[in-house]
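> Submitted below is the structure of interest, expressed as structure tokens.
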Amino acid sequence: MQNSEYPAEAFLGEPYVDPREAEPHGLVWVVGTWNGLGRQVGAFFQSCGALVSYAPCAEEDIAGLCVFGKGLDRLSLILYCGAVFDPDYREAQPGELRRRMIELPLSLGALAAEKHARFVVIFPAQVFSGQLKSRGYSETYRTNPVNDLGRIQLEAEAMLRAVCPDAFIIRTSWLFGDLPNSFESSWLCAALNRSLETGKQVTVPEAKAEIVSPIYTKNLARALLDVAILDSYPSTRLFPLAPWLPPRPGGIYHYADLGEASLAEFARAWYALAKRRNPTFKVVRVIERSASSFPNRVPRPPRLVLAAQRLTKSFTVIRRQPWQEALYEYGMANLPVSQPAKQDCTKMRR
Numbered sequence: 002m003q004n005s006e007y008p009a010e011a012f013l014g015e016p017y018v019d020p021r022e023a024e025p026h027g028l029v030w031v032v033g034t035w036n037g038l039g040r041q042v043g044a045f046f047q048s049c050g051a052l053v054s055y056a057p058c059a060e061e062d063i064a065g066l067c068v069f070g071k072g073l074d075r076l077s078l079i080l081y082c083g084a085v086f087d088p089d090y091r092e093a094q095p096g097e098l099r100r101r102m103i104e105l106p107l108s109l110g111a112l113a114a115e116k117h118a119r120f121v122v123i124f125p126a127q128v129f130s131g132q133l134k135s136r137g138y139s140e141t142y143r144t145n146p147v148n149d150l151g152r153i154q155l156e157a158e159a160m161l162r163a164v165c166p167d168a169f170i171i172r173t174s175w176l177f178g179d180l181p182n183s184f185e186s187s188w189l190c191a192a193l194n195r196s197l198e199t200g201k202q203v204t205v206p207e208a209k210a211e212i213v214s215p216i217y218t219k220n221l222a223r224a225l226l227d228v229a230i231l232d233s234y235p236s237t238r239l240f241p242l243a244p245w246l247p248p249r250p251g252g253i254y255h256y257a258d259l260g261e262a263s264l265a266e267f268a269r270a271w272y273a274l275a276k277r278r279n280p281t282f283k284v285v286r287v288i289e290r291s292a293s294s295f296p297n298r299v300p301r302p303p304r305l306v307l308a309a310q311r312l313t314k315s316f317t318v319i320r321r322q323p324w325q326e327a328l329y330e331y332g333m334a335n336l337p338v339s340q341p342a343k344q345d346c347t348k349m350r351r
């Protein structure tokens, strides 16, 4: 089996199964849509045939969310996407980070355990020091966060695993995609789009200050579908909605697209693709500066590259795409294309 969107060679493991042919069992409840990620993941799940629900109440209303969740029938999965933050994010309300990263996930984890539903939570990967130079960070590598976001995350992970041992904690990093809001890449993507129209140069931290694993949000959604729909409904406990499937242990997993890039490399790849789509765009220079040139920038790991072997070995259909190919896929679907020049009809008259 092979198709243009899911080529067989792009997946690890056999047998190959198209996620769109998987029969979903039960209801997927997506929580955490404020940053755009939950909406995009939920929409992708729906396009693959999953039954998806969103909470009607505000995400700040934790008690209301839990009441709503307890009333859901055949709830098989709670997917929480609201804990993905840019380290530079400034709280709109006091305690917002702790509420979104600790209080809400803990409440949802307890509810998942009560309902015997799978719980998957998406976290950033700011828990590492960034000093590892030769390979990507595995799930077992020692943590040493350099900012408050990473320290809060470590606290959240430990508390969540105590409340809901079967929970899947998916660490990911430097997401870009259709609905970015408060992601690590959001400021750069916004600056790149503006500069295409104005021609104004874009300044980014130099390579030694920040190397990242660019991750396309749609690829993350594909991986989450593999984790949530295909073969991981049951955990170490017997799960009644899919008792024939093998158990999958909870814990911490990493997901990242293949490869790494400096912010300048990503920006130049973006511009090259944009010019290919629309030659009328301005020529833009990308300037690298030291980290000290960005006084409001929160400290972050200088090289944050993730290894995802545990995820790809645990599940049969996990797509990992080189980030350049992922950017091309995103750009072909979202960057504007040049329009043919309008013909002067008066010159066509005889």
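Residue 91 in my numbering is what sits at position 90 of the sequence shown, and the numbering runs on without skipping anything.
Idealized CB from N, CA, C, for every residue including glycine.
1. Please report the straight-line C-alpha distance between L274 and G332, rounded to a whole angstrom.
2. When the distance is taken between beta carbons, is A126 closer than 8 angstroms to R162?
3. Please classify Y329: does DSSP put it in a helix, a strand, or coil?
4. Identify the continuous alpha helix (DSSP H) that holds V1 and give its terminal residues.
5. What number of angstroms, rounded off, separates the C-alpha of Q286 from the C-alpha of Y90?
6. Which of helix, strand or coil does DSSP assign to P106?
7. Taking Y217 and G178 to be in contact with their CB atoms under 8 angstroms, please state how far apart those CB atoms are, rounded to whole angstroms.
8. Tell me, to the nearest whole angstrom, how far the beta carbon of V29 is from that of A56; I am working on the premise that it is less than 8 angstroms.
9. Which stretch, first to last residue, makes up the alpha helix (DSSP H) that contains Y254?
10. Can you name the residues that DSSP bridges to Y81?
11. Counting C-beta neighbours from all protein chains within 10 Å, is the total for N145 16 or more, i.e. buried, or is it exposed?
12. Alpha carbon to alpha carbon, how far is K209 from V338?
13. Please return the same chain residues whose Cβ sits closer than 7 angstroms to the Cβ of E140, not counting the five positions on each side in sequence.
14. In chain order, what residues of the same chain have a beta carbon less than 7 angstroms from the beta carbon of C67, not counting five sequence neighbours either side?
15. Below 8 angstroms on the Cβ atoms is my guess for A114 versus R101; work out the distance and round it to an integer in Å.
16. What did DSSP end up calling E289 once you bin it into helix, strand or coil?
17. Can you tell me the Cα-Cα spacing of T281 and N220, whole angstroms?
18. Under 6 angstroms Cβ to Cβ from S196, same chain only, skipping five residues before and after it: list those, please.
19. Looking only at its chain, what residues have a beta carbon closer than 8 angstroms to the beta carbon of A292, apart from the 5 residues adjacent to it on each side?
Judging by the given coordinates:
1. If you number the sequence shown from 1, residue 274 lands on position 273. If you number the sequence shown from 1, residue 332 lands on position 331. One C-alpha to the other measures close to 7 angstroms.
2. Translated into the one-based positions of the sequence shown, residue 162 becomes position 161. Translated into the one-based positions of the sequence shown, residue 126 becomes position 125. No, they are not a contact pair.
3. By one-based count along the sequence shown, residue 329 stands at place 328. Helix, per DSSP.
4. Missing from the structure shown is residue 1; the chain here goes from 2 to 351 and no further.
5. For this step, residue 286 is matched to residue 285 along the sequence shown. For this step, residue 90 is matched to residue 89 along the sequence shown. According to the sequence as given, residue 286 is Arg; it is not Gln. Cα to Cα, R286 sits roughly 27 angstroms from Y90.
6. Residue numbering aside, residue 106 sits at position 105 when the sequence shown is read from its first letter. Three-state result, P106: helix.
7. Within the sequence shown, residue 217 is the residue found at index 216, counting from 1. Within the sequence shown, residue 178 is the residue found at index 177, counting from 1. Y217 to G178, Cβ: 6 angstroms. Contact.
8. By one-based count along the sequence shown, residue 29 stands at place 28. By one-based count along the sequence shown, residue 56 stands at place 55. Rounded, the Cβ-Cβ distance is 13 angstroms, inconsistent with contact.
9. Your numbering for residue 254 matches position 253 in the sequence shown. Y254 -> not in any alpha helix (DSSP H); beta strand (DSSP E) instead, spanning 252 to 255.
10. Mapped onto the sequence shown, residue 81 falls at position 80. Per DSSP, V32, V122.
11. Residue 145 sits at position 144 when you count from the first residue of the sequence shown. Answer is exposed; the Cβ neighbour count stays below 16.
12. Counted from its first residue, the sequence shown places residue 209 at position 208. Counted from its first residue, the sequence shown places residue 338 at position 337. Those two C-alpha atoms are separated by around 34 angstroms.
13. The count along the sequence shown starts at 1 and reaches residue 140 at position 139. Here the set comprises I253, Y254, H255, R311.
14. Taking the first residue of the sequence shown as 1, we reach residue 67 at position 66. For C67, where only same-chain residues beyond five positions count, the Cβ hits under 7 angstroms are S108, L112.
15. What you label residue 114 is simply residue 113 of the sequence shown in a count that begins at 1. What you label residue 101 is simply residue 100 of the sequence shown in a count that begins at 1. In fact, because the Cβ distance is near 20 angstroms, the residues do not count as touching under 8 angstroms.
16. Sequence index remark: in the sequence shown, residue 289 carries index 288 (1-based). Strand.
17. Counting from 1 along the sequence shown, the entry for residue 281 is found at position 280. Counting from 1 along the sequence shown, the entry for residue 220 is found at position 219. One C-alpha to the other measures close to 30 angstroms.
18. To locate residue 196, count along the sequence shown from 1; it is residue 195. Hits under 6 angstroms: V203, V285.
19. Residue numbering aside, residue 292 sits at position 291 when the sequence shown is read from its first letter. Cβ within range, chain order: P206, E207, A210, E211, R298.
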